[in-house]
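Q: Taken in sequence, the protein lines are chains Y and R.
Using the working numbering, the first residue of the first sequence is number 1, and each one after it goes up by one.
Using the working numbering, the first residue of the second sequence is number 395, and each one after it goes up by one.
Quick reminder that beta carbons are idealized off the backbone N, C-alpha and C, glycines included.
Attaching a single structure in structure tokens format; questions to follow.
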Amino acid sequence: MSFHSKTRREFLRDGTISAGAAVAWLSNPDLLFPDQTDQEELVPFLNMPRARPGMLDWETLDSWLTPQEQVFTVSHYPVPPIDERTHEIEIAGLVKNPRTLTMEELKAQPHDDQFMTLECSGNGHNKGFMAAIYNSRWTGTRLWPLLEECEILPEATEIVFFGIDRKVETLRRGSRLELKVEVPFGRSMSVADARKKNLLLAWNRNGEPIARRNGAPLRLIVPGWYGVTNVKWLKRIELRDRRYMGRYMGRDYVTVRGERQGNEVVFVESSVTRMNLKSIVARVTRLPSQNGMIPTKAYGATWSDGTEVDAVEVKVDNGPWVKARLDEEPRAQFSWRFFSIDLGLLAPGPHVVISRAIDVNGKIQPSASDDEIALKRTYWEANQQWPREIDLET
Amino acid sequence: MLIHKKLYPIQRVRQPWYFTLILWWILPGCSQENQPQPATKDSQPNQTAVTNDQTAKDGAAAADETTAGETLETGSLEGVIYYDSDPARQWRYSRYYIQSRSTGELAEAVVALRNTRLLQQQPYEASEPVIDQRDYRFIPETLAIHVGDRVKFTNADTVLHNVMTRDGIDPFSVNIGTDGSYMHLFRRAGGISRPIRIGCIFHGAMRSWIYVFAHPYFHVTQRDGSFSFQDVPAGEYNFDIVHPAGNLSTNQVVTIRPGETTKLDVRLSPDDLRKGTP
Chain Y
1 MSFHSKTRRE FLRDGTISAG AAVAWLSNPD LLFPDQTDQE ELVPFLNMPR
51 ARPGMLDWET LDSWLTPQEQ VFTVSHYPVP PIDERTHEIE IAGLVKNPRT
101 LTMEELKAQP HDDQFMTLEC SGNGHNKGFM AAIYNSRWTG TRLWPLLEEC
151 EILPEATEIV FFGIDRKVET LRRGSRLELK VEVPFGRSMS VADARKKNLL
201 LAWNRNGEPI ARRNGAPLRL IVPGWYGVTN VKWLKRIELR DRRYMGRYMG
251 RDYVTVRGER QGNEVVFVES SVTRMNLKSI VARVTRLPSQ NGMIPTKAYG
301 ATWSDGTEVD AVEVKVDNGP WVKARLDEEP RAQFSWRFFS IDLGLLAPGP
351 HVVISRAIDV NGKIQPSASD DEIALKRTYW EANQQWPREI DLET
Chain R
395 MLIHKKLYPI QRVRQPWYFT LILWWILPGC SQENQPQPAT KDSQPNQTAV
445 TNDQTAKDGA AAADETTAGE TLETGSLEGV IYYDSDPARQ WRYSRYYIQS
495 RSTGELAEAV VALRNTRLLQ QQPYEASEPV IDQRDYRFIP ETLAIHVGDR
545 VKFTNADTVL HNVMTRDGID PFSVNIGTDG SYMHLFRRAG GISRPIRIGC
595 IFHGAMRSWI YVFAHPYFHV TQRDGSFSFQ DVPAGEYNFD IVHPAGNLST
645 NQVVTIRPGE TTKLDVRLSP DDLRKGTP
């Protein structure tokens, strides 16, 4: 299969694109959305930083599968050199048959693909961090069959994923009880969560070996969960009967959010896990003005934890919410979906364009002033609606 | 050795944990090999031993043999820098630097002359330019200054920023709160080949380049792509063009004739990529 055989435009023209053919969108950027025509000009967003290599460039988003040069990386611990030829993955702890597999043995297991949009949980917190998201086709072997072979013991409730990266952590810093201890990077989930059939131990992204900075030789892929869950440089999978409380489960990547209980606001701390419903206007385009008014369109993307997005609505200034057109293809449960909308004729001058997603359960992506965001005291899970400012010239 | 780190100590900043991110795209590579270099065949000089104008020394091998005599006669040089797009090799971020794809005037390119003659003291007016941090950007993104100039870094955002570099003889890292500022003296000219790469440790996508010259014949192009050098001592020079954000670099020889204005338009293209893609 070639990933470079057709441009998206060719697929559109042929009308042949399907979820299976989505991989063909990987390359050949013509810097245009599916509905966009050559005549449309980009309307730059105001008061935003410039896009950079190494992050998604929303305004030229053209690939459903994100090219490597726009893939972000966030890491917390230093990564030692890893030799794939000697790298092994251990499945240990409360299992009847602990197992260690070389990469060669792992790759001899049945292969599977998993489409998934991976978003940093801090993405969207501020205008300086709006592009830590990418969509991929991950290739690897499913986790659950391996765990079944190892026979998880009944008392196991927690599964912990450790990377090869390590660092000395300081607990209770500055107190008499200060403790320094070197630990591997780890994230965990319940055995019930791991039992879902779609978790993957991946070695390829978009048909190529995963980049080292993105977790090579092996990365855990958990569809629908925020980026930090997808442990890079995976080394050990451990079944335990106690809650794992490593730094990135129990102390950081902890969302603190106020919840209204009667007349009281109670703050609750919860570990960052599943992704929240979200959408964003990726770009606005225009045509030459007509009688002083400007034909304008907007394009964007929506994603969630896998819950189907029922609609995306777009609003200009204080106008009504208007339903956008969601692309039917390409489409996969845990991947973003593109949308487009004709905003009609807008007057010259400044405007604000904003989108919101609504899922099949009726949940609506919150605005910055809704409790879900306004009472959130931490950085992560920033899924608020994001207003885009533009200035249309005649 | 004229290195005065004790006079300009690094101001170390303790980062909040969540900024201890390895963002692979921050100041790419943090190594010289990723940086634009003059397109000459010069060997790279020993940086630590150099306290004079690196630019001029770089240019010595290419131009000193042909330098004009010790005339005080001067001429002018002016022109426009263009970028010719190639649909097969798209520059994704060109929208920030090229106003018109059809004509291609290139903004934010650094242009400079290079010649051993420029090692001699040239008159210049000291300046105190400002790099503001606004909308999570350094504005301007690319700056050219004369050695001895001070740059004032400010913060117009409502968040805490930082300005840092590991380059040059006075590396620094300073936090700047809203409406705060920090002034830094640039004491050594790295010329076209050794810009000071500036970043913010809190926001890895923020970056800026400062080119420091020991002569006044440098310029950062504006939206019209134009440049103009007046009162240039007559002679033969290397004319360097670097676009750090676009990873573009080229140079050519130009002759300044007494009393004449030399016109020089230069067209860059993806062929001028230093390494990889912009």
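Could you compute how far the alpha carbon of Thr285 of chain Y sits from the alpha carbon of Leu153 of chain Y?
A: Your numbering for residue 285 of chain Y matches position 285 in the first sequence. Your numbering for residue 153 of chain Y matches position 153 in the first sequence. Those two C-alpha atoms are separated by around 57 Å.
Q: Identify, in the order they occur along the chain, each residue of the same chain with its Cβ nearer than 7 Å to the Cβ of Gln39 of chain Y, setting aside the five sequence neighbours on each side.
A: Numbered from 1 along the first sequence, position 39 holds the residue referred to as residue 39 of chain Y. Cβ neighbours of Gln39 of chain Y beyond the five flanking positions: Leu287.
Q: In this structure, how does DSSP classify Pro430 of chain R when only helix, strand and coil are distinguished?
A: Along the second sequence, read from residue 1 onward, the residue named residue 430 of chain R stands at position 36. Caution applies to Pro430 of chain R, whose pLDDT of 36 falls short of 50 and renders its modelled position unreliable; the value that the coordinates give is listed next. Three-state DSSP puts Pro430 of chain R in coil, outside helix and strand.
Q: Determine the chain R residues that contact Thr60 of chain Y at a beta-carbon separation under 7 Å, and present them in chain order.
A: The sequence position of residue 60 of chain Y within the first sequence is 60, counting from 1. Correct list: Arg486.
Q: According to DSSP, is Thr60 of chain Y helix, strand or coil?
A: Within the first sequence, residue 60 of chain Y is the residue found at index 60, counting from 1. Thr60 of chain Y falls in the helix class under three-state DSSP.
Q: Looking at the unbroken alpha helix (DSSP H) that takes in Cys150 of chain Y, where does it start and where does it end?
A: Along the first sequence, read from residue 1 onward, the residue named residue 150 of chain Y stands at position 150. Run containing Cys150 of chain Y: Leu143 to Cys150, per the alpha helix (DSSP H) assignment.
Q: Identify every run of the beta strand (DSSP E) within the stretch 480 to 530 of chain R, keeping only runs that are complete inside it and at least 3 residues long; order them along the chain.
A: Taking only runs of at least 3 residues, the beta strand (DSSP E) segments lying wholly in the stretch 480 to 530 of chain R are 504 to 508 and 524 to 528.
Q: Please state if the CB of Glu158 of chain Y and the CB of Asp241 of chain Y are separated by a distance shorter than 9 Å.
A: On the first sequence, residue 241 of chain Y is found 241 positions in, with the first residue counted as 1. On the first sequence, residue 158 of chain Y is found 158 positions in, with the first residue counted as 1. Yes, Cβ-Cβ distance for Asp241 of chain Y and Glu158 of chain Y is below 9 Å.
Q: Restricting to runs no shorter than 3 residues, where is the beta strand (DSSP E) found entirely within the stretch 149 to 185 of chain Y?
A: Correct list: 158 to 171.
Q: Judging by CA-CA distance, which residue of Y:Trp138, Y:Ser175, Y:Phe162 and Y:Met55 is the nearest neighbour of Cys120 of chain Y?
A: Translated into positions along the first sequence, residue 120 of chain Y becomes position 120. Comparing Cα positions, the closest option is Y:Met55.
Q: Indicate whether the contact test is met: 3 or more Cβ pairs, each with one atom in the stretch 558 to 567 of chain R and one in the stretch 72 to 85 of chain Y, closer than 8 Å.
A: As far as the Cβ criterion goes, the stretch 558 to 567 of chain R does not touch the stretch 72 to 85 of chain Y, which means the pair count is below three.
Q: Measure the C-alpha to C-alpha separation of Pro652 of chain R and Tyr518 of chain R and round it to an integer number of angstroms.
A: Numbered from its first residue, the second sequence carries residue 652 of chain R at position 258. Numbered from its first residue, the second sequence carries residue 518 of chain R at position 124. So the alpha carbons of these two residues sit roughly 20 Å apart.
Q: Find the nearest neighbour of Leu94 of chain Y within the set Y:Val160, Y:Glu259, Y:Gly344 and Y:Arg176, judged by alpha-carbon distance.
A: For the purposes of this step, residue 94 of chain Y is taken as residue 94 along the first sequence, with counting starting at 1. Of Y:Val160, Y:Glu259, Y:Gly344 and Y:Arg176, the residue nearest in Cα terms is Y:Val160.
Q: For Asp359 of chain Y, tell me which candidate among Y:Asp310, Y:Ile373, Y:Lys278 and Y:Thr141 has the shortest Cα-Cα distance.
A: Within the first sequence, residue 359 of chain Y is the residue found at index 359, counting from 1. Measuring from the Cα of Asp359 of chain Y, the nearest candidate turns out to be Y:Asp310.
Q: Would Phe185 of chain Y be called buried (16 or more neighbouring beta carbons within 10 Å of its own) or exposed?
A: Start at 1 with the first residue of the first sequence, and residue 185 of chain Y comes out as number 185. Flag for Phe185 of chain Y reads buried.
Q: Is it right to say Ser369 of chain Y is buried, meaning 16 or more other beta carbons lie within 10 angstroms of its own, or is it exposed?
A: Locating residue 369 of chain Y in the first sequence gives position 369, where the first residue counts as 1. Label assigned to Ser369 of chain Y: exposed.
Q: Suppose the cutoff is 7 Å on Cβ atoms and the five residues either side in sequence are ignored; what does the same chain contact list for Gln290 of chain Y look like?
A: Locating residue 290 of chain Y in the first sequence gives position 290, where the first residue counts as 1. Around Gln290 of chain Y: Leu345.
Q: Consult DSSP for Val626 of chain R and reduce its assignment to one of helix, strand or coil.
A: Within the second sequence, numbered from 1, the residue matching residue 626 of chain R stands at position 232. Residue state, collapsed to three classes: strand.
Q: Can you tell which of R:Gly562, R:Asp573 and R:Phe623 has the C-alpha that lies nearest to the C-alpha of Ser587 of chain R?
A: Within the second sequence, the letter at position 193 stands for residue 587 of chain R. The shortest Cα separation from Ser587 of chain R among R:Gly562, R:Asp573 and R:Phe623 belongs to R:Gly562.
Q: With DSSP as the reference, identify every bridge partner of Arg668 of chain R, one or two as the case may be.
A: Locating residue 668 of chain R in the second sequence gives position 274, counting from the first residue. BP columns for Arg668 of chain R are empty, so no partner.
Q: Please report the distance separating the alpha-carbon of Asn383 of chain Y from that of Ile221 of chain Y.
A: Position 383 of the first sequence, counted from the first residue, corresponds to residue 383 of chain Y. Position 221 of the first sequence, counted from the first residue, corresponds to residue 221 of chain Y. Going from the Cα of Asn383 of chain Y to the Cα of Ile221 of chain Y covers about 21 Å.
Q: How would you write the range of the beta strand (DSSP E) that Met558 of chain R sits in, first residue to last?
A: Taking the second sequence and counting its residues from 1, one reaches residue 558 of chain R at position 164. His555 to Thr559 is the span of the beta strand (DSSP E), which, as asked, contains Met558 of chain R.
Q: Three Cβ pairs or more, each shorter than 8 Å: is that satisfied between the stretch 533 to 540 of chain R and the stretch 497 to 517 of chain R?
A: Short answer: they touch.
Q: Given a limit of 8 Å on CB to CB distance, which residues of the stretch 541 to 570 of chain R reach chain Y?
A: Those residues of the stretch 541 to 570 of chain R that come within reach of chain Y (Cβ to Cβ, closer than 8 Å) are Val553.
Q: Against chain Y, does Glu535 of chain R count as a neighbour if the rule is that its beta carbon must be under 9 Å from one of theirs?
A: Start at 1 with the first residue of the second sequence, and residue 535 of chain R comes out as number 141. Chain Y contact via Cβ: present.
Q: How big is the Cα-Cα spacing for Lys235 of chain Y and Ile164 of chain Y?
A: Here residue 235 of chain Y refers to the residue found at position 235 when the first sequence is read from its first residue. Here residue 164 of chain Y refers to the residue found at position 164 when the first sequence is read from its first residue. Approximately 5 Å, taken between the alpha carbons.
Q: How many Å lie between Leu512 of chain R and His609 of chain R at the Cα?
A: Mapped onto the second sequence, residue 512 of chain R falls at position 118. Mapped onto the second sequence, residue 609 of chain R falls at position 215. Using only the alpha carbons, I get a separation of about 6 Å.
Q: Can you find a C-beta in chain Y that's less than 9 Å from the C-beta of Tyr477 of chain R?
A: By 1-based counting over the second sequence, the position of residue 477 of chain R is 83. Output row for Tyr477 of chain R: interface = no.
Q: If Tyr530 of chain R sits next to Lys278 of chain Y, beta carbons under 8 Å apart, how far is it from one beta carbon to the other, in whole angstroms?
A: Against the second sequence, residue 530 of chain R aligns to sequence position 136. Against the first sequence, residue 278 of chain Y aligns to sequence position 278. That pair is no contact at about 20 Å.
Q: Excluding the five sequence neighbours on either side, which residues of its own chain have a C-beta within less than 7 Å of the C-beta of Thr615 of chain R, listed in chain order?
A: Numbered from its first residue, the second sequence carries residue 615 of chain R at position 221. Closer than 7 Å at the Cβ level, and outside the excluded window around Thr615 of chain R, lie Ile475, Leu500, Ala501, Glu502, Ala503, Val505 and Phe621.
Q: Who are the neighbours of Arg531 of chain R on chain Y, taking C-beta pairs under 9 Å?
A: Translated into the one-based positions of the second sequence, residue 531 of chain R becomes position 137. Near Arg531 of chain R (Cβ distances below 9 Å), the residues of chain Y are Met48, Pro49, Arg50 and Gly128.
Q: Check Ile475 of chain R in the structure and name its three-state DSSP category.
A: For the purposes of this step, residue 475 of chain R is identified with residue 81 of the second sequence, where counting begins at 1. Reduced to three states, the DSSP call for Ile475 of chain R is strand.
Q: Look at the alpha carbon of Tyr134 of chain Y and the alpha carbon of Gly300 of chain Y, and state the distance between them as a whole number of angstroms.
A: Translated into positions along the first sequence, residue 134 of chain Y becomes position 134. Translated into positions along the first sequence, residue 300 of chain Y becomes position 300. Roughly 14 Å separates the two Cα atoms.
Q: Who are the near neighbours of Phe612 of chain R in its chain, counting only those whose CB is closer than 6 Å to its CB and skipping five residues on each side?
A: Locating residue 612 of chain R in the second sequence gives position 218, where the first residue counts as 1. The residues are Ala506 and Ala538.
Q: DSSP beta-bridge partners for Gln646 of chain R?
A: Indexing the second sequence from 1 puts residue 646 of chain R at position 252. DSSP lists R:Phe633 as partners of Gln646 of chain R.
Q: What would DSSP say about Val545 of chain R, mapped onto helix, strand or coil?
A: Counting from 1 along the second sequence, the entry for residue 545 of chain R is found at position 151. Val545 of chain R: strand per DSSP, three-state reduction.
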